[in-house]
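J.: The following block contains the structure, expressed as structure tokens.
Protein chains: 2
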Amino acid sequence: MKKYAVGVDIGGTNTDVGLVDTEGNIVCRGSIPTTRYTTFEPYIADLVALTLQLKAELEQSHQEEAVLTGFGIGAPNANFNTGCVVDAPNLPFKGVLDFNKEIGKHLALPVVLDNDANAAAYGEYIYGGAKGKRHFIVFTLGTGVGSGIVVDGRIVHGITGAAGELGHVTLIPKGRTCGCGRRGCLEAYASARGIVRTYLDLRRGSTQGESMLASLPDGDISCQAVGDAARLGDPLALQTWAMTAEWLGMAMANAVAFSSPEAIFLTGGPSRVGDPLMAPLRRAFESHLLFCYRSTCTISPSSLPSGDAAVLGAASLVQHGSGGGLNLRD
Amino acid sequence: MKKYAVGVDIGGTNTDVGLVDTEGNIVCRGSIPTTRYTTFEPYIADLVALTLQLKAELEQSHQEEAVLTGFGIGAPNANFNTGCVVDAPNLPFKGVLDFNKEIGKHLALPVVLDNDANAAAYGEYIYGGAKGKRHFIVFTLGTGVGSGIVVDGRIVHGITGAAGELGHVTLIPKGRTCGCGRRGCLEAYASARGIVRTYLDLRRGSTQGESMLASLPDGDISCQAVGDAARLGDPLALQTWAMTAEWLGMAMANAVAFSSPEAIFLTGGPSRVGDPLMAPLRRAFESHLLFCYRSTCTISPSSLPSGDAAVLGAASLVQHGSGGGLNLRD
Chain A
-16 MKKYAVGVDI GGTNTDVGLV DTEGNIVCRG SIPTTRYTTF EPYIADLVAL TLQLKAELEQ
44 SHQEEAVLTG FGIGAPNANF NTGCVVDAPN LPFKGVLDFN KEIGKHLALP VVLDNDANAA
104 AYGEYIYGGA KGKRHFIVFT LGTGVGSGIV VDGRIVHGIT GAAGELGHVT LIPKGRTCGC
164 GRRGCLEAYA SARGIVRTYL DLRRGSTQGE SMLASLPDGD ISCQAVGDAA RLGDPLALQT
224 WAMTAEWLGM AMANAVAFSS PEAIFLTGGP SRVGDPLMAP LRRAFESHLL FCYRSTCTIS
284 PSSLPSGDAA VLGAASLVQH GSGGGLNLRD
Chain B
-16 MKKYAVGVDI GGTNTDVGLV DTEGNIVCRG SIPTTRYTTF EPYIADLVAL TLQLKAELEQ
44 SHQEEAVLTG FGIGAPNANF NTGCVVDAPN LPFKGVLDFN KEIGKHLALP VVLDNDANAA
104 AYGEYIYGGA KGKRHFIVFT LGTGVGSGIV VDGRIVHGIT GAAGELGHVT LIPKGRTCGC
164 GRRGCLEAYA SARGIVRTYL DLRRGSTQGE SMLASLPDGD ISCQAVGDAA RLGDPLALQT
224 WAMTAEWLGM AMANAVAFSS PEAIFLTGGP SRVGDPLMAP LRRAFESHLL FCYRSTCTIS
284 PSSLPSGDAA VLGAASLVQH GSGGGLNLRD
């Protein structure tokens, strides 16, 4: 008999499920297309069915009983305090989604739900580069910009359960319109879409000659392409990442003035561009820090494998989150 | 026999000392002029002498032995982790000031030192409007702008011990020069000096006709005067506070995106102007909040008497800070 946590990473396109052993290995995994469902109940029924199928496969291949210890779920707009997702813009199900209740109709297992960025922070703490650190922040860059904040060994949830939305601090007053309806949010600058927008703005105003992406129409420019071009030395693409670094560095320095973490981790697609972002980011960050914080906080990419991080983070919610509460100390 | 904590509020001009009973009454108090001293040792010797004199007076008037439980000290640039003040710009003593060690030469009493804004947050929690609240922030407006942040019932100190410098988040990129050498900090807009600067900027560009402070030369305009004029309906002064409210409201909304507190408290001179600040501040704050935080966090002036708040805050460091650590939960 061996114990496994079910790690569920709910994305707008796919929902990834993995069974994770107590050492942090994803021993089997599967996926269902989130977009295929228009209502919540059949989605959960299939999620549970997939989980039981994975469990059965595992038992067959290992010739040993597998005990599931609970569901850890990372989801956009998830609220840890209520255990619900409410009106997530990127999920097809509207209204209040009570995962605990809905999964409970099928299986009697603990369900721990948290924001996907908080799950990423758990994962980093339990299995990644934040092991043993008591003050750190994980920024997740992707379609949006999220953050999971750990203060004194504990995830910050706040009175609403929705703390840690550093993608929506106002970075540039009256700046770019953000998807949230407000203006100047970090997300409008440092998300994949924001980065593409920066590139297009630069291209329109450029006097630097051709970019290697010149033949691509605006609508075909992706953040990935801007990253690839930068790694090949394209000046316009490099400038795009330098500007992103300046904005992100300023936002991170502001976050340090709040909680004075010892480390900041970056996850998500845009963070994997490497040097074109990380080198100017570290410089911008240090230059924006108040004197008392200089050289006290490192910036690193997440040390978790990119395909596994979200599932591991979700699983860690259960393995280390139930029982003694969500205190990461013990 | 009755127990008292020594609350010490160290300001650039005066150092106020009060003996505080376990119910939060300042039963006697005194003061020494900080500016009179150029070196640390005689300053501490006089601070200790004043404390013992207050104790003696108290014992004589109450005809009962007074037991001092410890020194709680709130000071600018104080570091809770190290117990030291280092190179405080507004104190006459330079270098590393080790209060514990220096007081220890005279008295064997516990010494708990923290940033003055953190002391204000403790005071608000133990004796003021934050009683029973687990997530709140205190902003101190004065010569500078400070903050004490409580997350999940605990003051946030961070890895450096210097967390919670929300006066030095970059609010306006490339904005006003701040005393810290950086640009666009909240402090450059919402400190007493920043507010005067806003008034003077408005006066120079004004087409609204005379302000009731028109006869005062620039150098004689104080924050207090701008507050008095606003309360009398002066349009330029009211506009000054409305702009201050807009900046402060934006900074507070950003802080909410970090820790999602249930309450924000304001202390310090500028916060006592009342409606000219508080009414537009509440509006600006709500308008800048991300949707999920709307109507979840109140803004109030500190409920502690303005003359007592700093000493009570300092005393509360000892009364509730020693022994079980600085956990405010228990």
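Taken in sequence, the protein lines are chains A and B. Using this note's numbering, read the first sequence as starting at -16 and increasing by one per residue. Using this note's numbering, read the second sequence as starting at -16 and increasing by one per residue. By construction, the Cβ of each residue, glycine as well, lies at the ideal position given by its N, Cα and C atoms.
By alpha-carbon positions, which one of F119/A, C163/A, Y172/A, Q207/A ends up nearest to A228/A?
T.: Position 245 of the first sequence, counting from 1, holds the residue named residue 228/A. Comparing Cα positions, the closest option is Y172/A.
J.: Would you mind telling me which residues of chain B sit closer than 7 Å to A146/A, beta carbon to beta carbon, in chain order?
T.: Taking the first residue of the first sequence as 1, we reach residue 146/A at position 163. In chain order: F241, S242, S243.
J.: Pull out every residue of the stretch 102 to 121 of chain A whose Cβ sits closer than 8 Å to any Cβ of chain B, in chain order.
T.: Of all residues in the stretch 102 to 121 of chain A, R117, H118 have a Cβ within less than 8 Å of some Cβ in chain B.
J.: If you check the beta carbons only, do V94/A and L51/A fall under 9 Å apart?
T.: By one-based count along the first sequence, residue 94/A stands at place 111. By one-based count along the first sequence, residue 51/A stands at place 68. No, the Cβ-Cβ distance between V94/A and L51/A is not below 9 Å.
J.: By the three-class DSSP mapping on this structure, what secondary structure does S44/B have?
T.: To locate residue 44/B, count along the second sequence from 1; it is residue 61. If DSSP states are grouped into helix, strand and coil, S44/B belongs with the helices.
J.: Pairs of beta-carbons, one from the stretch 110 to 130 of chain B and one from the stretch 242 to 252 of chain B, closer than 8 Å: are there three or more?
T.: The answer is yes - the stretch 242 to 252 of chain B touches the stretch 110 to 130 of chain B, with three or more Cβ pairs under 8 Å.
J.: Could you check whether the Cβ of M226/B sits closer than 9 Å to any Cβ belonging to chain A?
T.: On the second sequence, residue 226/B is found 243 positions in, with the first residue counted as 1. So no, M226/B is outside the interface.
J.: What residues from the stretch 274 to 291 of chain B come within 8 Å of chain A, judged by C-beta to C-beta, listed N to C?
T.: For the stretch 274 to 291 of chain B, which is checked against every Cβ of chain A, the residues closer than 8 Å are F274, C275, Y276, T279, C280.
J.: What is the rounded straight-line gap between the Cα of K(-15)/A and the Cα of D291/A?
T.: In the first sequence, residue -15/A corresponds to position 2, counting from 1. In the first sequence, residue 291/A corresponds to position 308, counting from 1. The alpha-carbon atoms of K(-15)/A and D291/A are separated by roughly 21 Å.
J.: Suppose the cutoff is 8 Å on Cβ atoms and the five residues either side in sequence are ignored; what does the same chain contact list for L149/B look like?
T.: Within the second sequence, the letter at position 166 stands for residue 149/B. Only I120, F122, V128, G129, S130, I132, L169, A234, A238 meet the Cβ criterion.
J.: Can a CB atom of chain A be found closer than 9 Å to the CB of D313/B?
T.: By 1-based counting over the second sequence, the position of residue 313/B is 330. The pLDDT assigned to D313/B is 33, lower than 50, so where the model puts this residue is not dependable, and the model offers no usable value.
J.: Between D81/A, V134/A, F63/A, R255/A, which has its C-alpha nearest D99/A's C-alpha?
T.: Counting from one through the first sequence, the residue named residue 99/A turns up at place 116. Of D81/A, V134/A, F63/A, R255/A, the residue nearest in Cα terms is F63/A.
J.: Does the count of Cβ pairs from the stretch 66 to 77 of chain A and the stretch 10 to 24 of chain A closer than 8 Å reach three?
T.: Because the criterion of three Cβ pairs below 8 Å is met, the stretch 66 to 77 of chain A and the stretch 10 to 24 of chain A touch.
J.: Please confirm whether C67/A has its beta-carbon closer than 9 Å to some beta-carbon of chain B.
T.: Walking along the first sequence from the start, residue 67/A turns up at place 84. It does not; no Cβ of chain B falls within 9 Å.
J.: Which term fits G216/A, buried or exposed, when burial requires 16 or more other beta carbons within 10 angstroms of its beta carbon?
T.: Translated into the one-based positions of the first sequence, residue 216/A becomes position 233. Burial call: exposed.
J.: Is it buried or exposed for G164/A, if we count other Cβ within 10 angstroms and need 16 for buried?
T.: Reading the first sequence from its first residue, position 181 is the one you call residue 164/A. The residue in question, G164/A, is exposed, as its Cβ has fewer than 16 Cβ neighbours within 10 Å.
J.: In chain order, what residues of the same chain have a beta carbon less than 6 Å from the beta carbon of R312/B, not counting five sequence neighbours either side?
T.: Here residue 312/B refers to the residue found at position 329 of the second sequence. In this prediction, R312/B has a pLDDT of 35, which is less than 50 and means its spatial position is unreliable; what the coordinates show is noted afterwards. Only G136 meet the Cβ criterion.
J.: Could you pull the start and end residues of the beta strand (DSSP E) that L96/B belongs to?
T.: Mapped onto the second sequence, residue 96/B falls at position 113. Where L96/B is concerned, the enclosing beta strand (DSSP E) stretches over 94 to 98.
J.: R180/B: which of E193/B, M195/B, D203/B sits nearest, CA to CA?
T.: Along the second sequence, read from residue 1 onward, the residue named residue 180/B stands at position 197. Nearest option by C-alpha distance: D203/B.
J.: Quick one: residues in its chain with C-beta nearer than 8 Å to the C-beta of R255/A, no 5 flanking neighbours on either side, listed in chain order?
T.: What you label residue 255/A is simply residue 272 of the first sequence in a count that begins at 1. These residues qualify, in order along the chain: G210, P284, S289.
J.: Is A238/B close to chain A? Criterion is C-beta to C-beta, closer than 9 Å.
T.: Within the second sequence, numbered from 1, the residue matching residue 238/B stands at position 255. Closer than 9 Å: yes.
J.: Just verifying my parser: in three-state terms, what is the DSSP assignment at L295/A?
T.: For the purposes of this step, residue 295/A is taken as the residue at position 312 of the first sequence. Correct three-state label for L295/A: helix.
J.: So is D(-1)/A in contact with chain B if we call contact Cβ pairs under 9 Å?
T.: Looking up residue -1/A in the first sequence gives position 16. False, the Cβ-Cβ gap to chain B never drops below 9 Å.
J.: Quick one: give me the first and last residue of the alpha helix (DSSP H) that A206/B is part of.
T.: As a position in the second sequence, residue 206/B is number 223, starting the count at 1. The question names Ala, but residue 206/B is Cys in the sequence shown. From DSSP, the alpha helix (DSSP H) with C206/B extends over 206 to 214.
J.: Give me the chain A residues within the contact set of M233/B, using Cβ-Cβ distance strictly less than 7 Å, ordered along the chain.
T.: Here residue 233/B corresponds to residue number 250 of the second sequence, with the count starting at 1. Going along chain A in sequence order, the residues near M233/B (Cβ under 7 Å) are T153, P156.
J.: Using a Cβ distance threshold of 8 Å, determine whether the stretch 144 to 162 of chain B contacts the stretch 183 to 201 of chain B, with at least three qualifying pairs required.
T.: Flag = no, the stretch 144 to 162 of chain B and the stretch 183 to 201 of chain B do not touch.
J.: Considering Cα atoms alone, identify which of Q36/B, Y105/B, T126/B, L124/B is closest to K116/B.
T.: Numbered from 1 along the second sequence, position 133 holds the residue referred to as residue 116/B. Comparing Cα positions, the closest option is Y105/B.
J.: Can you tell me whether DSSP reads C275/A as helix, strand or coil?
T.: Translated into the one-based positions of the first sequence, residue 275/A becomes position 292. Looking at C275/A - three-state DSSP - the assignment turns out to be helix.
J.: Give me the DSSP bridge partner(s) of A344/B.
T.: Outside the displayed range of chain B (-16 to 313) lies residue 344/B, so it cannot be described from this structure.
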